[in-house]
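**Q** Take this structure first; my questions come after.
Number of protein chains: 2
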Amino acid sequence: MAKDFYGELQLGILGGGQLGRMLIQEAINYNVNVHILDPDKNAPCRKLCNRFECGSLSDFETVYNFGKGLDMITIEIEKVNVDALEKLENEGVVVYPQSRIIRLIQDKGLQKQFFKQNDIPTAAFQLISTKENLYETAIPLPYIQKLRKDGYDGKGVKKINSTTEIEQAFESPSLVEELVDFEKEIAVIVARNDKGDVSTFPLVEMEFNPEANLVEFLISPSTLPFEVQTRADEIAKKIAEDLQIVGLLAVEMFLTKEGEILVNELAPRPHNSGHHTIEGNITSQFAQHLRAIFNLPLGATTARTNAVMINLLGEPRYEGLAKYEGVEDVLAVEGVFVHLYGKKYTKPFRKMGHICIVNDDRELAIKNARWVQEILKVKA
Amino acid sequence: MAKDFYGELQLGILGGGQLGRMLIQEAINYNVNVHILDPDKNAPCRKLCNRFECGSLSDFETVYNFGKGLDMITIEIEKVNVDALEKLENEGVVVYPQSRIIRLIQDKGLQKQFFKQNDIPTAAFQLISTKENLYETAIPLPYIQKLRKDGYDGKGVKKINSTTEIEQAFESPSLVEELVDFEKEIAVIVARNDKGDVSTFPLVEMEFNPEANLVEFLISPSTLPFEVQTRADEIAKKIAEDLQIVGLLAVEMFLTKEGEILVNELAPRPHNSGHHTIEGNITSQFAQHLRAIFNLPLGATTARTNAVMINLLGEPRYEGLAKYEGVEDVLAVEGVFVHLYGKKYTKPFRKMGHICIVNDDRELAIKNARWVQEILKVKA
Numbered sequence: 001m002a003k004d005f006y007g008e009l010q011l012g013i014l015g016g017g018q019l020g021r022m023l024i025q026e027a028i029n030y031n032v033n034v035h036i037l038d039p040d041k042n043a044p045c046r047k048l049c050n051r052f053e054c055g056s057l058s059d060f061e062t063v064y065n066f067g068k069g070l071d072m073i074t075i076e077i078e079k080v081n082v083d084a085l086e087k088l089e090n091e092g093v094v095v096y097p098q099s100r101i102i103r104l105i106q107d108k109g110l111q112k113q114f115f116k117q118n119d120i121p122t123a124a125f126q127l128i129s130t131k132e133n134l135y136e137t138a139i140p141l142p143y144i145q146k147l148r149k150d151g152y153d154g155k156g157v158k159k160i161n162s163t164t165e166i167e168q169a170f171e172s173p174s175l176v177e178e179l180v181d182f183e184k185e186i187a188v189i190v191a192r193n194d195k196g197d198v199s200t201f202p203l204v205e206m207e208f209n210p211e212a213n214l215v216e217f218l219i220s221p222s223t224l225p226f227e228v229q230t231r232a233d234e235i236a237k238k239i240a241e242d243l244q245i246v247g248l249l250a251v252e253m254f255l256t257k258e259g260e261i262l263v264n265e266l267a268p269r270p271h272n273s274g275h276h277t278i279e280g281n282i283t284s285q286f287a288q289h290l291r292a293i294f295n296l297p298l299g300a301t302t303a304r305t306n307a308v309m310i311n312l313l314g315e316p317r318y319e320g321l322a323k324y325e326g327v328e329d330v331l332a333v334e335g336v337f338v339h340l341y342g343k344k345y346t347k348p349f350r351k352m353g354h355i356c357i358v359n360d361d362r363e364l365a366i367k368n369a370r371w372v373q374e375i376l377k378v379k380a
Numbered sequence: 001m002a003k004d005f006y007g008e009l010q011l012g013i014l015g016g017g018q019l020g021r022m023l024i025q026e027a028i029n030y031n032v033n034v035h036i037l038d039p040d041k042n043a044p045c046r047k048l049c050n051r052f053e054c055g056s057l058s059d060f061e062t063v064y065n066f067g068k069g070l071d072m073i074t075i076e077i078e079k080v081n082v083d084a085l086e087k088l089e090n091e092g093v094v095v096y097p098q099s100r101i102i103r104l105i106q107d108k109g110l111q112k113q114f115f116k117q118n119d120i121p122t123a124a125f126q127l128i129s130t131k132e133n134l135y136e137t138a139i140p141l142p143y144i145q146k147l148r149k150d151g152y153d154g155k156g157v158k159k160i161n162s163t164t165e166i167e168q169a170f171e172s173p174s175l176v177e178e179l180v181d182f183e184k185e186i187a188v189i190v191a192r193n194d195k196g197d198v199s200t201f202p203l204v205e206m207e208f209n210p211e212a213n214l215v216e217f218l219i220s221p222s223t224l225p226f227e228v229q230t231r232a233d234e235i236a237k238k239i240a241e242d243l244q245i246v247g248l249l250a251v252e253m254f255l256t257k258e259g260e261i262l263v264n265e266l267a268p269r270p271h272n273s274g275h276h277t278i279e280g281n282i283t284s285q286f287a288q289h290l291r292a293i294f295n296l297p298l299g300a301t302t303a304r305t306n307a308v309m310i311n312l313l314g315e316p317r318y319e320g321l322a323k324y325e326g327v328e329d330v331l332a333v334e335g336v337f338v339h340l341y342g343k344k345y346t347k348p349f350r351k352m353g354h355i356c357i358v359n360d361d362r363e364l365a366i367k368n369a370r371w372v373q374e375i376l377k378v379k380a
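Chains G and Z are the protein sequences, given in the same order. The first sequence begins at 1 in full-length UniProt numbering and counts up one residue at a time. The second sequence begins at 1 in full-length UniProt numbering and counts up one residue at a time.
Right, dumping it as structure tokens:
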């Protein structure tokens with residue numbers, strides 16, 4: 001890049017939510033000029049950037065016009081207009097992750113085919129065009145149906161238990177996937193810069209909210225066997241290299257009861273499974289993403305201590321102007337870091353913030369986190 | 001306060017420099033709405049707040065109009081119009097630190113008298129109105145002359161070695177102070193909230209740039225004897241309680257060759273001697289200032305590891321658009337955190353950023369910091 005990453009460089013971010021917000025908190029340290037495009041005029045980043053533009057992320061013209069004249073574009077959400085990004089790339093704007101990778105990851109079908117072609121372990125699957133195809137799939141019941149496009153945070157995913165439930169299946173092109181009887185959901189975040197340096201964060205274990213299918217609880221570093229950690233790490237690095245991605249890539253995996261690792265999904269950006277790195281690791285995932293896209297040496301990812309991350313989700317049944325309960329109580333406990341996302345309105349299970357709980361005593365970190373989970377509530 | 005500190009509360013900060021900028025980085029975590037007043041249209045905070053107003057900090061009308069309608073005001077620089085703050089306080093705006101404390105600290109003469117009245121150890125001094133008074137002072141030569149008002153970062157301070165130098169002394173009301181033959185300059189940052197909770201950060205040792213009289217190098221935690229640390233800690237707490245301050249107070253002290261501690265100066269705000277707390281301590285000074293002014297439980301100040309802070313000063317002889325040398329090199333070293341302040345123009349010794357170097361091995365932290373100091377330069 002002709003310009004230094006600090007100073008005059010103009011960086012566009014597609015999406016102005018919490019990931020953009022935490023990326024800005026880090027970008028401030030390097031004088032990066034940040035431009036944000038988001039459809040929500042109340043987006044969390046709106047008051048924290050050089051330029052905030054309210055507009056659609058999926059509209060070609062909007063994305064193209066936003067990106068013209070910028071030096072570099074990155075994303076905090078995959079659901080963006082890739083054709084516009086491709087055109088901008090061709091015109092010399094640096095787009096990281098590359099538009100071809102966003103296109104691949106937007107489509108869960110292409111993602112699975114990529115895994116298959118590159119010998120990346122993943123659950124057996126089949127692509128279907130309409131729900132009629134479900135009657136003839138070779139995948140045994142019960143199975144999971146996932147929309148190929150536009151699903152996120154558990155939306156666009158259905159468990160089909162029996163033939164009678166096919167009636168209620170999604171109509172659109174989708175992916176049928178073998179139901180994995182997993183022991184744990186794990187994730188590795190990997191970063192790659194344009195020089196080809198690759199670096200992973202230590203593996204984390206996640207617990208999901210069964211109702212909302214969102215990460216609710218995450219522990220770092222993992223205490224899983226060394227072989228599991230090494231294997232997951234190798235898989236994440238291989239994917240980053242196979243893709244030749246520039247930027248951050250979150251690799252979500254299942255650890256099966258038999259100790260096998262299966263890759264579930266990719267996210268080519270900072271990810272919920274890396275929020276604990278802000279306080280828990282030497283380099284945070286946000287700092288690492290900036291290092292990767294600016295082709296800088298990648299930072300050390302070593303864990304500084306035990307860190308537990310819990311998502312602060314909007315309470316069920318509450319919708320409206322957000323009100324927070326228990327913030328003062330949790331701030332009284334050592335090693336509790338509150339991150340609110342600046343969202344004006346809450347609704348059931350909306351991600352309103354996260355809390356990171358650090359402690360050199362792992363059991364105490366977990367205990368404090370469970371307590372915070374009881375105390376801290378977002379209502380309306 | 002009627003409003004929660006997160007969400008609807010409107011916080012004004014007088015000054016939009018690096019201290020305001022780092023305060024904003026932390027305030028983002030709590031959804032605090034930040035309003036900034038600064039005379040420089042290119043101030044580091046200009047693009048990072050809900051409202052940026054360009055105007056004089058010393059003009060009554062400007063400060064009063066800026067503050068009207070806000071819920072709370074704090075400062076990142078002492079040189080502000082205190083009459084306006086006092087009027088705002090009387091009209092119900094919460095001002096922390098309180099206007100009476102800013103007024104006291106603005107005047108180094110009043111500060112010294114406060115020390116004397118409260119049995120706080122400090123170098124012998126005398127107040128004078130004009131430089132003519134220097135001929136009859138009881139303080140032995142050589143001594144230090146300090147302007148009572150408007151001095152900062154080493155400006156407004158003169159060493160007078162002999163009677164012949166009195167000619168070149170400051171004309172304005174000032175303070176003559178015994179020259180302290182000190183071993184080390186040390187500092188303790190103390191926080192106090194409105195409930196009366198008081199908490200100190202571990203003592204730090206500082207090295208000054210002799211040419212610019214600015215902190216250049218700082219090590220935390222200190223390895224000074226326990227008695228020195230305890231004594232300094234007690235002094236800082238006593239001052240915070242004597243003042244009944246709400247907010248952060250940096251207490252700069254001399255450790256004399258005889259092991260005596262003498263208080264040099266106070267700063268009622270986040271301070272250069274606390275920048276290492278961002279990466280080095282559980283709670284950063286910026287988080288602690290917010291906790292104090294919002295009357296929250298004060299955070300744990302324990303050091304997480306060894307941290308060395310070095311100021312990144314504009315190189316002598318360079319003036320103009322800032323250019324940074326060596327940023328990529330220093331980012332390759334583990335535990336090096338770069339904080340640039342978003343200043344467009346550099347000039348000799350201008351504070352352009354700081355670097356924090358952490359390491360569990362203290363000697364290695366110091367070694368890395370010395371190397372960073374060699375490598376990283378701001379030129380034009």
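Glycine included, every Cβ here is placed at the ideal spot set by N, Cα and C.
Do you know whose CA, among G:PHE125, G:THR164, G:LEU85 and G:ILE293, lies nearest SER174 of chain G's CA?
**A** It is G:PHE125 whose Cα lies nearest to the Cα of SER174 of chain G.
**Q** Cutting at 7 Å between CB atoms, please list the residues of its own chain near GLY342 of chain G, excluding the five before and the five after it.
**A** ARG21 and PRO44
**Q** Under 7 Å Cβ to Cβ from LYS112 of chain Z, same chain only, skipping five residues before and after it: list those, please.
**A** Answer for LYS112 of chain Z: THR122, PHE125 and LEU175, listed in chain order.
**Q** Chain G partners of HIS339 of chain Z, CB-CB under 7 Å?
**A** ASN29
**Q** Report back the beta-carbon spacing between ILE245 of chain Z and PRO268 of chain Z to the nearest angstrom; my notes put them in contact at under 8 Å.
**A** Here ILE245 of chain Z really is in contact with PRO268 of chain Z; their C-beta atoms are around 6 Å apart, less than 8 Å.
**Q** Taking C-beta to C-beta, are MET206 of chain G and GLU183 of chain G nearer than 8 Å?
**A** no
**Q** Say yes only if the C-beta of LEU340 of chain G is nearer than 7 Å to one or more non-hydrogen atoms of the ligand GDP, and no if none qualify.
**A** The ligand GDP is absent from the structure shown, which contains no ligands of any kind.
**Q** Express the C-alpha separation of GLU374 of chain G and ARG304 of chain G in angstroms, rounding to a whole number.
**A** 26 Å
**Q** Tell me whether GLY320 of chain G is buried or exposed, calling it buried when 16 or more other Cβ atoms sit within 10 Å of its Cβ.
**A** Counting the other CB atoms within 10 Å of its CB gives GLY320 of chain G a total below 16, which places it among the exposed residues.
**Q** Quick one: what's got a C-beta closer than 7 Å to VAL333 of chain Z's C-beta in the same chain, skipping five residues either side?
**A** These residues qualify, in order along the chain: ASN368.
**Q** Just the chain G side, please: which residues come within less than 7 Å of LYS47 of chain Z by C-beta, in chain order?
**A** CYS49 and ASN50
**Q** For ARG317 of chain G, which residues of its own chain have a beta-carbon under 8 Å away from its beta-carbon, when the five flanking residues on both sides are left out?
**A** PRO348
**Q** Is the Cβ of VAL94 of chain G closer than 8 Å to any Cβ of chain Z?
**A** Answer no: the Cβ-Cβ gap between VAL94 of chain G and chain Z never drops below 8 Å.
**Q** Can you pull the DSSP bridge partners for VAL338 of chain G?
**A** G:ILE355
**Q** List the residues of chain Z whose Cβ lies closer than 9 Å to the Cβ of VAL246 of chain G, in chain order.
**A** By Cβ distance, chain Z contributes nothing, its closest Cβ being about 16 Å from VAL246 of chain G, past 9 Å.
**Q** Any beta-carbon of chain Z closer than 8 Å to the one on TYR135 of chain G?
**A** no
**Q** For ALA169 of chain G, tell me which candidate among G:SER129, G:ASP181 and G:ALA187 has the shortest Cα-Cα distance.
**A** G:SER129
**Q** Any idea which residues DSSP pairs GLU185 of chain Z with across the strands?
**A** DSSP, once it has assigned bridges, lists Z:MET206 and Z:PHE254 as partnering GLU185 of chain Z.
**Q** Using 8 Å as the threshold, is the C-beta distance between ILE160 of chain Z and LEU134 of chain Z below it?
**A** yes
**Q** Decide yes or no for the touch test of the stretch 354-371 of chain G against the stretch 41-58 of chain Z: beta carbon pairs closer than 8 Å, at least 3 of them.
**A** no
**Q** Taking any Cβ of chain Z, which residues in the stretch 291-323 of chain G have a Cβ under 8 Å from it, in chain order?
**A** ARG291, LEU296, PRO297, GLY299, ALA300, THR302, ARG304, THR305, ALA322 and LYS323
**Q** Measuring only the C-alpha atoms, how far is ILE310 of chain G from ALA287 of chain G?
**A** So the alpha carbons of these two residues sit roughly 21 Å apart.
**Q** Does DSSP put ASN295 of chain Z in a helix, a strand or coil?
**A** DSSP places ASN295 of chain Z in the coil class of the three-state scheme, outside both helix and strand.
**Q** Check whether the stretch 222-237 of chain G and the stretch 247-266 of chain G touch, using three or more Cβ-Cβ pairs below 8 Å as the test.
**A** With the cut-off at 8 Å, the stretch 222-237 of chain G and the stretch 247-266 of chain G touch.
**Q** Going by the CB atoms, is the gap between GLY247 of chain Z and THR74 of chain Z shorter than 8 Å?
**A** yes
**Q** Would DSSP call TYR318 of chain G helix, strand or coil?
**A** DSSP, read as helix, strand or coil, puts TYR318 of chain G in coil.
**Q** My understanding is that LYS158 of chain Z touches GLN145 of chain Z, with C-beta atoms under 8 Å, so please give their C-beta distance in whole angstroms.
**A** 5 Å
**Q** Which one or two residues does DSSP pair with CYS54 of chain Z in a beta bridge?
**A** Z:ASP38
**Q** DSSP three-state call for LYS343 of chain G: helix, strand or coil?
**A** coil
**Q** Which value, in whole angstroms, describes the spacing of the CA atoms of LYS68 of chain Z and LYS3 of chain G?
**A** Rounded to the nearest whole angstrom, the C-alpha separation of LYS68 of chain Z and LYS3 of chain G is 42 Å.
**Q** Which complete alpha helix (DSSP H) runs does the stretch 224-270 of chain G hold, if anything under 4 residues is left out?
**A** 226-243
**Q** Pull up the distance between the alpha-carbon of ARG362 of chain Z and that of VAL93 of chain Z, whole angstroms please.
**A** 45 Å
**Q** Output the boundary residues of the beta strand (DSSP E) element that contains VAL378 of chain G.
**A** First-last of the beta strand (DSSP E) with VAL378 of chain G: 377-379.
**Q** Which residue from G:GLU258, G:SER199, G:THR230 and G:VAL251 puts its Cα closest to that of THR301 of chain G?
**A** G:SER199
**Q** Are the CB atoms of MET72 of chain G and LEU11 of chain G within a distance shorter than 8 Å?
**A** yes
**Q** Run through chain A and tell me which residues come within less than 7 Å of ILE282 of chain Z, C-beta to C-beta.
**A** As a matter of chain content, chain A is missing from the structure shown, whose protein chains are G and Z.
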